[in-house]
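Here the structure comes first, spelled out in structure tokens, and everything after it is commentary.
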Amino acid sequence: MTPFLAELIGTAVLILLGGGVVANVLLKGTNGHNSGWIVITTAWALAVFTGVTIAGPYSGAHLNCAVTIANLAMGTMDLATSISYITAQLLGAMIGAFTVWFFYKNHFAQTDDAGAKHAVFCTTPAVRDLPNNLFSEAVGTFILIFAILHFTDAKMADDTVIGLGSIGAIPVAFIVWVIGLSLGGTTGYAINPARDLGPRIVHAVVPIKNKAGFDLAYAWVPVVGPILGALIAVGLHFLVH
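Each residue of the sequence shown is one higher than the one before, starting from 1 at the first, in our numbering.
Below is the structure:
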């Protein structure tokens, strides 16, 4: 498996499971209908764990343009590789979102609420205040990236590094979980440009009856906000180390 393919598949699985839980909770007639925010945030965290487990051994499992941009800013990745990763993430997010739509197609047809159908694909602010919405996305992503930059490997007494294998994805899942529970109420915590933009494009093109618009006036927020948060995290990391 190449890094490009790992990022594509890992991101597709992330969005399939993350978008899938939103569909299960919000769309009419599902067994999980109205099961709530705790279910959504928990499943998104586990979706991150699953995607990271799949892609980790091959690409480092960024699955997030903000993570890739942070690596570029840190100097641990070159521009060409970064562009390759971001392209894979966007394509993977679109594949995952399309699969969610097809999987829940009958329930989309039963649902009248355009906002609920839109939420399966991408984020919308609870209170539309673009400067505050941008701040929310930047802060959430800052926490994610700054925490990741402080991950350490377990070591034995003789400094031999102990590999944690697939369970090494658990800390990332915990961070995403707490961000959702604590900071997700304002914008829906995209904290990942690919996670929002890719599915937003899919929502615009798939045949869904009575659906919301693309919302270009807001769509830049979950793209720019996470990038700003990632760059601030990297800057502070350099400053304090």
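Ideal placement from N, C-alpha and C gives every residue a C-beta, glycine not left out.
Please read these numbers as outputs of a predicted model, since none were measured by experiment.
Coarse secondary structure for residue i, derived from DSSP in three states
{"i": "Ser35", "result": "coil"}
{"i": "Met74", "result": "helix"}
{"i": "Thr81", "result": "helix"}
{"i": "Phe4", "result": "helix"}
{"i": "Trp220", "result": "coil"}
{"i": "Gly29", "result": "coil"}
{"i": "Asn24", "result": "helix"}
{"i": "Phe49", "result": "helix"}
{"i": "Pro57", "result": "helix"}
{"i": "Gly225", "result": "helix"}
{"i": "Ala212", "result": "coil"}
{"i": "His237", "result": "helix"}
Inter-residue spacing [alpha-carbon to alpha-carbon] between residue i and residue j
{"i": "Ser35", "j": "Leu26", "result": "8 angstroms"}
{"i": "Phe121", "j": "Tyr58", "result": "27 angstroms"}
{"i": "Val48", "j": "Ile170", "result": "9 angstroms"}
{"i": "Leu63", "j": "Val176", "result": "13 angstroms"}
{"i": "Gly225", "j": "Lys105", "result": "31 angstroms"}
{"i": "Ala126", "j": "Val202", "result": "22 angstroms"}
{"i": "Asn150", "j": "Ala119", "result": "Sequence inspection shows His at residue 150; the Asn mentioned does not correspond to that position. Those two C-alpha atoms are separated by around 32 angstroms."}
{"i": "Asp129", "j": "Gly185", "result": "13 angstroms"}
{"i": "Gly198", "j": "Val240", "result": "34 angstroms"}
{"i": "Asn210", "j": "Asp112", "result": "7 angstroms"}
{"i": "Pro131", "j": "Gly213", "result": "21 angstroms"}
{"i": "Asn133", "j": "Thr187", "result": "6 angstroms"}
{"i": "Thr2", "j": "Val221", "result": "31 angstroms"}
{"i": "Ala97", "j": "Ala12", "result": "8 angstroms"}
{"i": "Leu236", "j": "Ile69", "result": "15 angstroms"}
{"i": "His33", "j": "Asn24", "result": "6 angstroms"}
{"i": "Trp37", "j": "Val22", "result": "9 angstroms"}
{"i": "Ser82", "j": "Leu72", "result": "7 angstroms"}
{"i": "Tyr189", "j": "Leu91", "result": "20 angstroms"}
{"i": "Phe238", "j": "Thr76", "result": "13 angstroms"}
Assigned exposure category for residue i - 16 Cβ within 10 Å defines buried
{"i": "Phe146", "result": "buried"}
{"i": "Trp101", "result": "buried"}
{"i": "Gly115", "result": "exposed"}
{"i": "Pro207", "result": "exposed"}
{"i": "Leu79", "result": "exposed"}
{"i": "Val161", "result": "Interpretation of Val161 is limited by its pLDDT of 48, a score under 50 that renders its predicted location unreliable; no figure is taken from the coordinates."}
{"i": "Gly51", "result": "buried"}
{"i": "Asn31", "result": "exposed"}
{"i": "Leu216", "result": "exposed"}
{"i": "Gly229", "result": "buried"}
- Inter-stretch contact (C-beta, 8 angstroms, three-pair minimum) for the stretch 4 to 18 and the stretch 29 to 46: yes
- Let me know the beta strand (DSSP E) ranges lying completely inside the stretch 127 to 206, each 3 residues or longer, listed in chain order. none
- Take every Cβ of the stretch 5 to 14, pair it with every Cβ of the stretch 82 to 89, and state whether three or more of those distances are shorter than 8 angstroms. yes
- Please confirm if the stretch 141 to 151 is in contact with the stretch 176 to 195, defined as three or more CB-CB distances below 8 angstroms between the two stretches. yes
- Message: Could you tell me which whole alpha helix (DSSP H) segments of length 4 or greater appear in the stretch 98 to 123?
- Response: 105 to 110, 114 to 121
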